[in-house]
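This report refers to the structure that appears directly beneath it.
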Amino acid sequence: MSRYPVRHLFLALALAASGLGCEDNPTVVDADYALTHVTVIDAAGTPPQSDMTVLIKGEQIVALRKSDDLELPDGLKTVDLQGKYLLPGLADMHVHTQNMEQVFPLLHVVNGVTTLRHMDGEPFMLEWRRRIEEGRMLGPRMILGSTIIDGTPSLWQNSPVAHISVRNEAEAREEVRRAKAQGYDFIKVYSRLSREAYFGIADEARLQQMPFAGHSPDLVTVAEASAAGQASLEHLYGVMYATSSEEEALRERVGQISLRPETITGYNTWFQQTHAVEWDAARTYSPAKGMQLFNQFVKDETAQVPTLTQHNVLDRSMDLDMNDERLKYLPASMVAGWKWQLAEIYLQGRSEEESAQRRDLFNRRLALVGEMHRAGVRVMAGTDSTTPWVFPGFSLHDELALLVQAGLTPLQAIQAATLEPARYLGMQGSLGTVEQGKVADLLVLDANPLEDIRNTTRIHSVVVRGRFISAEERQALLSDLETLAGSM
């Protein structure tokens with residue numbers, strides 16, 4: 001069940017109502033083109049289906065059958081995908097974006113990421129979405145959160161990151177109403193909200209029939225956030241405290257965290273202070289408390305977006321490849337900003353002892369995600385791009401590999417980026433699996449991802465809303481993006 005209003009119910013109804021065959025010969029299907037002789041991994045749990053043909057008309061899959069069972073109309077365009085593997089387009093359920101339309105939407109598309117949940121909405125994203133939905137711009141479908149709503153002072157004080165600081169419940173409620181009027185899909189809550197402001201947002205979001213998601217604030221437990229109706233919890237923030245045998249003492253320490261107003265951003269001081277608490281929480285993990293909390297997440301239908309890619313970067317910043325080849329697709333100014341953030345926010349003052357702790361802490365995060373998943377908690381793939389070294393589009397594939405490392409099977413990791421996001425968004429009628437009648441958002445691979453999840457990076461071609469992007473066009477887009485990044 002989803003807490004999201006079904007924004008695209010009309011699309012699902014239209015797809016269901018459209019004609020799938022010809023009256024005279026039901027084996028002949030009216031289509032714009034066909035993908036033939038491909039192995040389909042539908043993400044619904046069906047074993048891989050070999051030698052399949054997928055027919056696409058407009059934005060829709062109008063047929064999905066064994067190649068020998070379909071009679072293709074004369075002159076129909078076909079793409080022979082023998083030896084290839086086809087699965088649903090991927091969803092990144094936690095992204096941030098800079099206002100560079102020539103770069104960011106295409107980086108996701110060429111990586112087979114066809115749905116994005118933006119966690120910090122701005123007006124330019126609303127315009128991007130309009131243009132994409134009207135067919136005037138190539139890009140993923142976009143679920144847009146409000147501008148970050150934080151407390152006072154915000155973690156992003158004195159920074160260029162768009163955010164709203166609220167001081168009380170009345171201001172918090174007003175921002176919920178404003179976000180709805182602006183056209184955003186959900187409310188993004190953040191770490192420094194007061195209890196009064198947070199529960200005001202929870203109530204006002206219910207009244208406005210808007211989901212709210214994001215961080216569990218420092219002064220609100222994740223159990224309280226789940227019970228209050230928070231649709232998803234991001235980054236595992238607060239989960240370690242809540243599963244510690246010393247939770248009460250740890251929460252008292254969290255409540256004493258303070259930000260220095262004169263700093264360039266409050267995130268640095270907050271990040272350093274929370275690390276010490278997380279480290280002690282990880283060392284005092286209580287399996288019994290963990291299971292109690294995970295059962296509550298299941299009961300409340302509170303999804304988890306652990307963003308392991310982000311934690312891998314922040315916990316193990318000292319181990320990053322500073323010459324990662326994917327940097328060439330990003331503007332030099334952005335790369336310079338990333339290096340500044342690594343030095344000034346994440347690595348500043350980090351000792352060798354803390355570095356060793358952080359490596360161990362990351363392994364604990366992996367174990368925690370595996371335990372939640374085995375308990376039945378909905379886990380969804382998200383990256384937190386554009387955290388430094390979290391690459392738009394590319395890093396979702398890193399996230400899938402980390403989810404497998406955490407204990408998910410390759411199929412379960414794929415479902416965390418396909419089926420589960422569709423269910424969460426209330427869009428399972430049109431997205432999330434490869435089935436007749438669903439939207440043609442598809443990813444074609446050169447190798448089987450169920451044998452090795454890293455094979456999701458071996459991309460052959462992509463389909464976005466029915467538009468086929470061939471291997472040759474995809475390579476041309478990547479080349480153009482590299483050239484463009486070099487000129488910015």
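Using full-length UniProt numbering, count along the sequence shown one by one with no gaps and you end on 488.
We treat Cβ as the ideally placed atom computed from N, Cα and C, and that holds for glycine.
If you're wondering where the values come from, they're calculated on a predicted model, not measured in any experiment.
Could you give the DSSP three-state label for residue i: helix, strand or coil?
{"i": "residue 467", "result": "strand"}
{"i": "residue 234", "result": "strand"}
{"i": "residue 55", "result": "strand"}
{"i": "residue 226", "result": "helix"}
{"i": "residue 24", "result": "Low local confidence applies: a pLDDT of 44 at residue 24 is under 50, so the model's placement there is unreliable, with the coordinate-based value given in what follows. Of the three classes helix, strand and coil, the one that applies to residue 24 here is coil, per DSSP."}
{"i": "residue 166", "result": "coil"}
{"i": "residue 487", "result": "helix"}
{"i": "residue 490", "result": "Nothing can be reported for residue 490: it is not among the residues displayed for the chain, which extend from 1 to 488."}
{"i": "residue 381", "result": "coil"}
{"i": "residue 434", "result": "coil"}
{"i": "residue 40", "result": "strand"}
{"i": "residue 122", "result": "coil"}
{"i": "residue 188", "result": "strand"}
{"i": "residue 260", "result": "coil"}
{"i": "residue 330", "result": "coil"}
{"i": "residue 460", "result": "strand"}
{"i": "residue 136", "result": "coil"}
{"i": "residue 116", "result": "strand"}
{"i": "residue 451", "result": "coil"}
{"i": "residue 400", "result": "helix"}
{"i": "residue 290", "result": "helix"}
{"i": "residue 161", "result": "coil"}
{"i": "residue 156", "result": "coil"}
Out of the options, which has the shortest C-alpha to C-alpha gap to residue i?
{"i": "residue 31", "options": "70, 42 and 49", "result": "70"}
{"i": "residue 190", "options": "425, 184, 177 and 232", "result": "232"}
{"i": "residue 305", "options": "399, 488 and 248", "result": "399"}
{"i": "residue 272", "options": "254, 41 and 430", "result": "254"}
{"i": "residue 60", "options": "474, 472 and 467", "result": "467"}
{"i": "residue 434", "options": "33, 53 and 29", "result": "53"}
{"i": "residue 68", "options": "74, 50 and 79", "result": "50"}
{"i": "residue 116", "options": "138, 137, 93 and 127", "result": "93"}
{"i": "residue 84", "options": "126, 58, 35 and 64", "result": "35"}
{"i": "residue 259", "options": "415, 153, 387 and 473", "result": "153"}
{"i": "residue 58", "options": "440, 250 and 461", "result": "440"}
{"i": "residue 55", "options": "105, 286, 293 and 73", "result": "73"}
{"i": "residue 391", "options": "320, 87 and 420", "result": "320"}
{"i": "residue 257", "options": "437, 236, 194 and 282", "result": "194"}
{"i": "residue 224", "options": "414, 42 and 302", "result": "302"}
{"i": "residue 250", "options": "228, 280, 230 and 235", "result": "280"}
{"i": "residue 312", "options": "386, 363 and 121", "result": "363"}
{"i": "residue 488", "options": "361, 336 and 380", "result": "336"}
{"i": "residue 342", "options": "360, 174, 326 and 315", "result": "315"}
Quick one, are the C-beta atoms of residue i and residue j less than 9 Å apart?
{"i": "residue 89", "j": "residue 113", "result": "yes"}
{"i": "residue 463", "j": "residue 444", "result": "yes"}
{"i": "residue 267", "j": "residue 338", "result": "no"}
{"i": "residue 144", "j": "residue 183", "result": "yes"}
{"i": "residue 140", "j": "residue 96", "result": "no"}
{"i": "residue 453", "j": "residue 377", "result": "no"}
{"i": "residue 370", "j": "residue 407", "result": "yes"}
{"i": "residue 558", "j": "residue 415", "result": "One cannot answer for residue 558 here, as it falls past the ends of the chain, which runs 1 to 488."}
{"i": "residue 161", "j": "residue 197", "result": "no"}
Kindly identify the DSSP beta-bridge partner or partners of residue i.
{"i": "residue 77", "result": "33"}
{"i": "residue 198", "result": "Note: residue 198 sits in no beta bridge, so no partner."}
{"i": "residue 479", "result": "DSSP output for residue 479 lists no bridge partner at all."}
{"i": "residue 85", "result": "39 and 445"}
{"i": "residue 49", "result": "40"}
{"i": "residue 304", "result": "233 and 379"}
Taking 8 Å as the cut-off, does the CB of residue i come closer than this to any heavy atom belonging to the ligand NAP?
{"i": "residue 258", "result": "In terms of ligand content, the structure shown is empty, and the ligand NAP therefore cannot be addressed."}
The beta strand (DSSP E) that contains residue i, what's its start and end?
{"i": "residue 93", "result": "90-95"}
{"i": "residue 423", "result": "That residue, residue 423, is in no beta strand (DSSP E); its alpha helix (DSSP H) goes 419-424."}
{"i": "residue 148", "result": "148-150"}
{"i": "residue 141", "result": "141-144"}
{"i": "residue 62", "result": "60-66"}
With respect to the alpha helix (DSSP H) encompassing residue i, which residues constitute its N-terminal and C-terminal limits?
{"i": "residue 102", "result": "First-last for residue 102: undefined, no H or E at that position."}
{"i": "residue 209", "result": "Element bounds for residue 209: n/a, residue is neither H nor E."}
{"i": "residue 313", "result": "308-315"}
{"i": "residue 249", "result": "247-255"}
{"i": "residue 277", "result": "266-283"}
{"i": "residue 372", "result": "352-374"}
{"i": "residue 391", "result": "That residue, residue 391, is in no alpha helix (DSSP H); it is neither H nor E in DSSP."}
{"i": "residue 240", "result": "239-242"}
{"i": "residue 217", "result": "First-last for residue 217: undefined, no H or E at that position."}
{"i": "residue 343", "result": "Careful: residue 343 lies outside any alpha helix (DSSP H) and carries neither H nor E."}
{"i": "residue 410", "result": "410-415"}
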